[in-house]
Amino acid sequence: MDSRKLRKSSRQELLEMLLDATEENEQLRKENSELKQQLESRRLLCEQSGSLAEAALKLSGIFEAADEAVKIYQASLQPEPKPEPQPAGEQDGPSEQS
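Heads up: the sequence shown begins at 46 in our numbering, then just goes up one per residue.
Given below as structure tokens:
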């Protein structure tokens, strides 16, 4: 509103404009506060996601090491295959018959 209209406005009109402006100001402050809270919660979520991703990477390394240890343990439990005894007349190489 320009200054001429403000000067010509009655006291009642000025008070109503002031009341409207005050109510709008309060509403905007409340909205601003809510948006700040949402922003902060998203920031925390992003930080936690980064932390969770790092933890998952570290855990995957632990799981890989544990998996390797299990394979080694399982291999140690299996008996070594014993060579079968061969009859005295047979040779290890291919037989040549004439």
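Heads up, the beta-carbon is just placed ideally off N, CA and C, and yes, glycines get one too.
Bear in mind the structure is a predicted one, so any value in this text is a computation, not a measurement.
Euclidean distance between Cα positions of residue i and residue j
i	j	result
Leu97	Asp112	22 Å
Gln93	Gln72	32 Å
Ser54	Lys75	30 Å
Lys50	Asp65	17 Å
Ser78	Cys91	20 Å
Thr67	Ala100	49 Å
Gly121	Lys127	Sequence check: residue 121 is Ser here, not Gly. Answer to the nearest angstrom: the Cα atoms are 15 Å apart.
Glu129	Tyr118	26 Å
Within-7 Å CB hit, residue i to chain D
i	result
Asn70	Looking at the structure shown, chain D is missing, and only one protein chain is on hand.
Neighbourhood of residue i by C-beta, 6 Å cutoff - its chain only, sequence neighbours within 5 removed
i	result
Ser105	none
beta-carbon residue i near the ligand COA non-hydrogen atom, thresh 6 Å
i	result
Lys116	In the structure on display, the ligand COA does not appear, and there are no ligands present to speak of.
Cβ-based neighbour list, residue i, same chain, cut-off 8 Å, excluding 5 preceding and 5 following
i	result
Leu89	none
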